[in-house]
Amino acid sequence: MKNYYDVIVVGSGAAGLSCALKLNSGYDVCLISKKTIDEANSYLAQGGISIKRKDEDLQDYIEDTLKAGHYENDFEVVEEILKGSPKVIEELINYGILFDKTDKGEYSLHKEGGHKVPRVYHVGDYTGRSICESMAKIVGKRPNLDICEDTTFYDLIIENQRAVGIKVYNNGEYKNIYSRAVVLATGGIGGLFNSSTNYKSIAGNGISIALKHGIKVENIDCIQIHPTSLYTKIDGRKMLITEALRGEGGILLDNRGNRFIDELLPRDIVSQAIKKKMDEDDMKFVYLSLENIKNRNEIYREFPTVFDACKGEGIDIREEMIPVCPSQHYHMGGIKAKVNGRTSLDGLYAIGEVACTGFHGKNRLASNSLLEACLCGIKSAEDINGELIKFYGKIKENNEKRKIEQVMQGYHNALIENIRERNNTFYEYWLKAENA
Ligand SMILES: Cc1cc2nc3c(=O)[nH]c(=O)nc-3n(C[C@H](O)[C@H](O)[C@H](O)COP(=O)(O)OP(=O)(O)OC[C@H]3O[C@@H](n4cnc5c(N)ncnc54)[C@H](O)[C@@H]3O)c2cc1C
């Protein structure tokens with residue numbers, strides 16, 4: 000790791016990778032990841048990436064996105080991202096990602112909750128891994144890209160109201176790294192919750208640091224709880240039971256075998272219905288029944304990730320119901336950013352889940368986040384390529400005295416407190432017990 004680059008990208012998920020790949024190959028770029036490059040939530044995405052099918056689909060897709068977002072989305076942003084979506088799938092196909100096709104050779108599209116029509120491209124039920132592995136492979140071969148794993152970004156360096164670098168901790172050492180532009184692609188906030196489908200290491204650090212410096216944030220309290228994660232007695236990351244199973248006919252049942260909700264309603268409504276049912280019945284889970292799914296015996300072919308995870312818990316989904324419970328899943332809020340990643344601080348970009356562009360409104364439509372992450376990654380790189388100013392910062396040594404755990408715990412507590420102040424009801428309902 001050097002102490003100066005043209006561009007620093009913090010985060011190795013779909014957003015960070017797609018930005019890094021589109022940056023001018025003449026730039027010296029540093030790509031930072033807190034753990035290994037593949038410990039990013041993007042790698043866990045099962046369902047897929049949603050794309051506008053044809054021009055006639057645009058109005059329906061806009062309506063589906065707005066409806067899921069409780070009509071609190073930024074309409075212009077929704078339109079811009081959905082109109083730009085075909086370009087994203089083209090790029091991904093060019094990177095060599097082999098999305099599933101039908102026997103007729105057409106792309107096989109899934110229909111997920113909240114979508115009027117099938118428009119979700121997928122690779123089995125491990126789409127995120129396929130997308131990110133393909134991109135990471137190319138990133139690894141680019142001589143201008145320096146990949147720094149096990150490196151914790153813990154502060155921004157700001158001079159004259161401009162981001163000029165970041166502070167990091169790596170292998171016992173504190174360092175300052177300087178650059179002409181800083182791109183934050185640090186993902187969501189699942190690490191704040193005990194019960195989350197996210198990696199524990201992804202805990203809202205980008206947002207906490209933005210809050211510390213008075214950089215504009217938005218909808219910090221808009222946090223998505225996924226209705227169906229695999230219930231287990233053990234603490235730790237919860238395995239997601241993809242929505243696509245409900246799209247294929249899976250139904251939710253209480254412990255008496257009664258159906259209690261339309262399973263294809265938006266996620267927030269289904270999660271609340273499940274939580275209410277669990278509280279009423281004093282249960283820690285409800286059941287997902289796959290009885291109505293066609294070719295249930297073949298289910299392991301299309302959903303190998305879910306099949307293997309359940310098998311690991313002793314459940315054969317070809318025959319048995321899956322115990323499921325809601326878990327934190329996605330953060331709609333974040334650092335206020337344009338589609339090209341620009342934030343309220345010059346030189347600082349925010350893309351992917353760490354950002355709030357207004358695309359998702361109060362609640363995200365299924366499979367819209369990989370789309371946003373990839374599109375904003377591309378757009379931010381194009382913006383940086385078009386205008387990268389000279390470096391005007393002053394290079395200084397890092398003289399951090401605190402322990403990194405202490406610094407990160409401080410961020411963790413401050414962010415939880417910030418969410419509580421903005422939305423005590425959410426805090427009491429979903430977050431308090433988890434952090435008690
Ligand atoms: C189980 C699961 C299934 C999902 N399924 C889908 C789906 O089917 N379709 C869909 O569209 N979306 C899905 N999502 C959501 C989607 O995967 C994410 O929202 C999206 O990929 C976020 O991408 P990102 O690049 O912004 O962040 P991430 O992929 O989470 O990457 C964050 C990166 O930031 C780094 N980082 C964080 N903090 C620091 C720090 N302090 N220092 C250094 N590095 C740091 C991490 O190391 C990581 O590399 C799913 C999410 C989960 C958890």
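Here numbering that gives the first Met the number 0 is used: the first residue of the sequence shown is 0, the next is one more, and so on. Glycine included, each C-beta is placed from N, C-alpha and C at the ideal position.
Cβ-heavy atom distance, residue i to ligand 1, below 7 Å
{"i": "Val-305", "result": "no"}
{"i": "Ser-270", "result": "no"}
{"i": "Ala-372", "result": "yes"}
{"i": "Ile-137", "result": "no"}
{"i": "Ile-316", "result": "no"}
{"i": "Ser-152", "result": "Going by the sequence as given, residue 152 is Phe instead of Ser. Yes, Cβ of Phe-152 sits closer than 7 Å to a heavy atom of ligand 1."}
{"i": "Ser-366", "result": "yes"}
{"i": "Thr-126", "result": "yes"}
{"i": "Glu-38", "result": "yes"}
{"i": "His-218", "result": "Here residue 218 turns out to be Asn, not His, going by the sequence shown. It does not: the Cβ of Asn-218 is nowhere closer than 7 Å to a heavy atom of ligand 1."}
{"i": "Asn-197", "result": "yes"}
{"i": "His-114", "result": "no"}
{"i": "Tyr-329", "result": "yes"}
{"i": "Lys-275", "result": "no"}
{"i": "Asn-439", "result": "Because the chain here runs from 0 to 435, residue 439 falls outside it and cannot be looked at."}
{"i": "Val-291", "result": "Before going further, note that residue 291 is Asn rather than Val in the sequence given. Result no, Cβ not under 7 Å from ligand 1."}
{"i": "Gly-15", "result": "yes"}
{"i": "Asn-204", "result": "yes"}
{"i": "Ser-200", "result": "yes"}
{"i": "Gln-45", "result": "yes"}
{"i": "Thr-342", "result": "no"}
{"i": "Ile-31", "result": "yes"}
{"i": "Glu-404", "result": "no"}
{"i": "Thr-185", "result": "yes"}
{"i": "Gly-164", "result": "no"}
{"i": "Ser-107", "result": "no"}
Unbroken beta strand (DSSP E) run spanning residue i, endpoints
{"i": "Arg-258", "result": "Note, Arg-258: premise wrong, no beta strand (DSSP E); not H, not E."}
{"i": "Glu-172", "result": "172-177"}
{"i": "Lys-166", "result": "161-169"}
{"i": "Pro-303", "result": "From DSSP, Pro-303 is part of no beta strand (DSSP E) but of the alpha helix (DSSP H) over 303-311."}
{"i": "Asp-267", "result": "Asp-267 -> not in any beta strand (DSSP E); alpha helix (DSSP H) instead, spanning 266-280."}
{"i": "Asp-145", "result": "144-147"}
{"i": "Gln-327", "result": "321-330"}
{"i": "Asp-154", "result": "150-158"}
{"i": "Ile-334", "result": "333-335"}
{"i": "Leu-30", "result": "28-31"}
{"i": "Pro-226", "result": "222-229"}
{"i": "Ala-180", "result": "180-183"}
{"i": "Tyr-42", "result": "Taken as a continuous stretch (DSSP letters only), Tyr-42 belongs to no beta strand (DSSP E), as it is neither H nor E."}
{"i": "Tyr-348", "result": "347-349"}
{"i": "Leu-252", "result": "250-252"}
{"i": "Leu-287", "result": "285-288"}
{"i": "Val-338", "result": "That residue, Val-338, is in no beta strand (DSSP E); it is neither H nor E in DSSP."}
{"i": "Val-9", "result": "6-9"}
Opening and closing residue of the alpha helix (DSSP H) in which residue i lies
{"i": "Phe-74", "result": "74-93"}
{"i": "Ile-411", "result": "At residue 411 the sequence reads His, which differs from the Ile that was named. Looking at the DSSP string, the run of the alpha helix (DSSP H) that includes His-411 is 403-421."}
{"i": "Asp-63", "result": "57-67"}
{"i": "Leu-20", "result": "13-21"}
{"i": "Asp-382", "result": "368-385"}
{"i": "Glu-132", "result": "126-140"}
{"i": "Ser-207", "result": "204-211"}
{"i": "Ala-243", "result": "243-246"}
CB-CB length for residue i against residue j, believed under 8 Å
{"i": "Gly-25", "j": "Thr-126", "result": "That belief does not hold up - the Cβ atoms of Gly-25 and Thr-126 are roughly 32 Å apart, past 8 Å."}
{"i": "Leu-445", "j": "Ser-228", "result": "A query on residue 445 cannot be resolved here, the shown segment of the chain reaching from 0 to 435 and no further."}
{"i": "Val-163", "j": "Gly-392", "result": "3 Å"}
{"i": "His-359", "j": "Asn-72", "result": "6 Å"}
{"i": "Ser-17", "j": "Cys-373", "result": "5 Å"}
{"i": "Ser-41", "j": "Leu-369", "result": "7 Å"}
{"i": "Ile-48", "j": "Tyr-120", "result": "5 Å"}
{"i": "Leu-414", "j": "Ile-206", "result": "6 Å"}
{"i": "Phe-192", "j": "Gln-408", "result": "Contact flag wrong, Cβ pair sits at about 15 Å."}
{"i": "Glu-105", "j": "Ile-36", "result": "With a Cβ gap of about 33 Å, Glu-105 and Ile-36 do not count as contacting."}
{"i": "Ser-200", "j": "Glu-38", "result": "6 Å"}
{"i": "Val-305", "j": "Thr-241", "result": "6 Å"}
{"i": "Phe-98", "j": "Val-122", "result": "6 Å"}
Examine the Cβ distances between the segment 323-339 and the segment 211-227 and report whether three or more of them are shorter than 8 Å. yes
Flag this pair as touching only if the segment 348-355 and the segment 183-199 have three or more C-beta atom pairs under 8 Å; answer yes or no. yes
Quick test of the definition: if touching needs 3 or more C-beta pairs under 8 Å, does the segment 104-116 touch the segment 360-378? yes
Give a yes or no on contact between the segment 312-330 and the segment 283-299, applying the rule of three or more CB pairs nearer than 8 Å. Contact holds: three or more Cβ-Cβ distances are below 8 Å.
Using 8 Å as the threshold, is the segment 341-349 in touch with the segment 151-170, meaning 3 or more CB pairs across them? yes
Does the segment 2-12 come close enough to the segment 165-178 that 3 or more CB-CB pairs lie under 8 Å? yes
Please confirm if the segment 285-296 is in contact with the segment 244-254, defined as three or more CB-CB distances below 8 Å between the two stretches. Here the segment 285-296 lies against the segment 244-254, with 3 or more beta-carbon pairs under 8 Å apart.
Any chance the segment 419-429 sits against the segment 56-66, with 3 or more Cβ pairs inside 8 Å? no
For the segment 399-408 against the segment 79-92, do three or more pairs of beta-carbon atoms, one drawn from each stretch, fall closer than 8 Å, so that the two count as touching? no
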